Amino acid sequence: MPLRRQSSDSAAVTSYVWATGGRHLWASGGSSSRQSHDRGHLVYAASGVLTVHVDRGTSVVPSNRIAWTPAGTPHRHRAHGDTDMRILFLPPSLARRIPDRPAVFLATDLAREVFRALTGPRDDVATPAYGPAARIRLLRVLVDELSEAHEQPLHLPEPLDDRLRAIANALSERPDDDASAAELGRMAGASARTVSRLVRTELGMTFYEWRTQLRIAHALVLLAEGHDVTATAHACGWSNPSSFIAAFTNVIGTTPGRYQAGGRRPVARVDEAATGSRRRPRTRA
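Residue 93 in the UniProt record's numbering sits at position 93 of the sequence shown, and the numbers go up by one each step.
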């Protein structure tokens with residue numbers, strides 16, 4: 001059975017905000033209002049897990065990822081676990097070097113340190129620690145790092161087809177359900193072949209890759225809320241923890257135990273290191 005997830009839109013938040021960015025310390029379950037900005041922005045969770053919700057999908061942002069939201073995109077943020085959210089607005093000259101759609105990038109060691117430096121490493125910081133010229137130089141370094149890091153498979157697109165939406169809702173409500181594509185298709189009024197075609201056409205992946213990503217997203221939230229690895233594995237549909245650990249590491253780049261303990265250094269993956277290409281998870285959930 002799924003584990004209960006914490007939820008409280010009125011959870012307390014402590015904010016430090018300035019014109020070029022800010023820092024928000026959310027209690028678990030905290031959520032921002034729906035909003036948009038005239039500049040694109042990057043968000044990073046120094047601790048906890050963020051989800052960034054836009055009209056066409058959700059980006060999951062654990063502490064080894066950085067999410068991008070383009071200018072003018074309606075969105076809202078939600079914290080899972082006590083979350084230290086950092087935000088940086090980019091000038092148009094740098095924003096044009098990032099995709100014009102929501103995206104998630106690996107947070108390299110250098111990117112994390114730049115992000116922390118520009119958003120205040122101390123709890124009592126209320127103003128930026130760098131002048132305008134220094135900030136631009138550091139932002140250029142950050143954007144360079146993101147350009148080299150490539151996109152990560154943690155932006156979950158919202159299906160357009162009503163049948164896929166029904167399946168997505170079912171998978172989100174019961175990530176531990178092992179129903180096949182054919183069984184879920186019958187529930188939604190589509191054949192297994194149609195489900196596979198729709199997932200490939202709309203979402204750019206296979207049904208099994210999609211379900212794995214949905215399950216990993218759910219697992220990140222549960223781990224952030226303090227559930228142990230074994231309970232999280234079972235709640236997200238893996239029959240044994242070792243299979244879950246393998247799938248989690250394949251997508252996130254570190255084991256769930258190391259991730260939960262705060263160890264953010266990714267595990268090396270030979271094909272990415274050699275080719276620099278984006279890799280889709282292969283584990284069948």
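The beta-carbon is built from N, C-alpha and C at its ideal position, and this holds for glycine as well.
Quick caveat, the model's predicted, so the values are computed rather than measured.
Where V60 is concerned, the enclosing beta strand (DSSP E) starts and stops at G57 to V61. Here DSSP, grouped into helix, strand and coil, assigns S196 to helix. Taking C-beta separations shorter than 6 Å and ignoring five residues to either side along the sequence, the partners of S15 in its chain run H24, following chain order. By DSSP's assignment, Y44 forms a beta bridge with I66 and R86. Per DSSP, the beta-bridge partners of T14 are L25. The alpha-carbon of H150 is positioned some 13 Å away from that of N64. Short of 6 Å from the beta carbon of A190, and not among the five residues preceding or following it, lie these beta carbons of its own chain, in chain order: R163.
For the 9 Å CB-CB criterion, L106 and L42 do not form a contact.
For L156, the enclosing beta strand (DSSP E) starts and ends at H155 to P157. Counting along the chain, A107 sits inside no alpha helix (DSSP H), nor does DSSP assign it H or E at all. Annotation: the continuous alpha helix (DSSP H) that includes Q260 extends over P256 to A261. Here the alpha carbons of A46 and E148 stand approximately 21 Å from one another. For H37 against A103, the beta-carbon gap comes to about 16 Å, at or over 8 Å, which does not count as contact.
A Cβ-Cβ separation of about 7 Å places L146 in contact with I98 under the 8 Å criterion. The residues S191, A192, T194 and V195, in chain order, have a CB closer than 7 Å to that of G185 in the same chain once the five nearest residues on each side in sequence are set aside.
Around the beta-carbon of V17, fewer than 16 other beta-carbon atoms lie within 10 Å, marking it exposed.
Look at H75 here: in three-state DSSP terms it is strand. Here T119 is not bridged, per DSSP, to any residue.
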